[in-house]
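Asker: Going by full-length UniProt numbering, the sequence shown runs without a break in its numbering and finishes at 120. I'd like to ask you about the structure that follows.
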Amino acid sequence: MFFFGIFGIQDKEKHVRDFDATVCPSCGRLSRAELIEVFTYFHFFFIPIFQWNRRYFVKFRCCPAIFSVNKEYAEELKRGADLDVSRLHKVFGHGSYCPECGSYVDPSFNFCPYCGRRIS
């Protein structure tokens, strides 16, 4: 965020839509997903004037994985299309999940920090 007196440039994240009962392509769990719109905007006295650099992402609530969505498909999702996970591109979230408790475990760990089970 940059401020130059009474105007500035800032990034904003906006929730667009929820998807219920979707299988996460990263961890395989049945979860809820949400479509997020991220953009940069110029503001004057905190009033947005001009927006650019619009990007779309899908976040699942079961794991920290984040998937990018191209603009054409994001427009389809905004109009009410069902979520097709084969059209998503993973941009964040590498690691594993504990088979005992299901917690996200950093890939450098040999044991789960939550339950102590060995991660293979």
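We treat Cβ as the ideally placed atom computed from N, Cα and C, and that holds for glycine. Keep in mind the model is a prediction, meaning the values are calculated, not measured.
With a 10 Å radius around its C-beta and 16 neighbouring C-beta atoms as the bar for buried, classify Tyr-56 as buried or exposed.
Answerer: The sequence position of residue 56 within the sequence shown is 56, counting from 1. If you draw a 10 Å sphere on the C-beta of Tyr-56, you find 16 or more other C-beta atoms in it, and that means buried.
Asker: Between which two residues does the alpha helix (DSSP H) containing Ala-74 stretch?
Answerer: Counting from one through the sequence shown, the residue named residue 74 turns up at place 74. Start and end: 71 to 78.
Asker: Classify Arg-29 as helix, strand or coil using the three-state DSSP reduction.
Answerer: Position 29 of the sequence shown, counted from the first residue, corresponds to residue 29. Three-state result, Arg-29: coil.
Asker: Got a sec, what are the start and stop residues for the beta strand (DSSP E) Phe-109 sits in?
Answerer: The residue given as residue 109 occupies position 109 in the sequence shown. For Phe-109, no beta strand (DSSP E) segment is defined, and its DSSP state is neither H nor E.
Asker: Please classify Leu-88 as buried or exposed, where buried requires at least 16 other C-beta atoms within 10 Å of its C-beta.
Answerer: Numbered from its first residue, the sequence shown carries residue 88 at position 88. Under this definition Leu-88 is a buried residue.
Asker: Contact between the segment 40 to 47 and the segment 69 to 82 is defined here as three or more beta-carbon pairs at a separation below 8 Å; is this criterion met?
Answerer: Taking one beta carbon from each stretch, the segment 40 to 47 and the segment 69 to 82 have fewer than 3 pairs nearer than 8 Å; the two do not touch.
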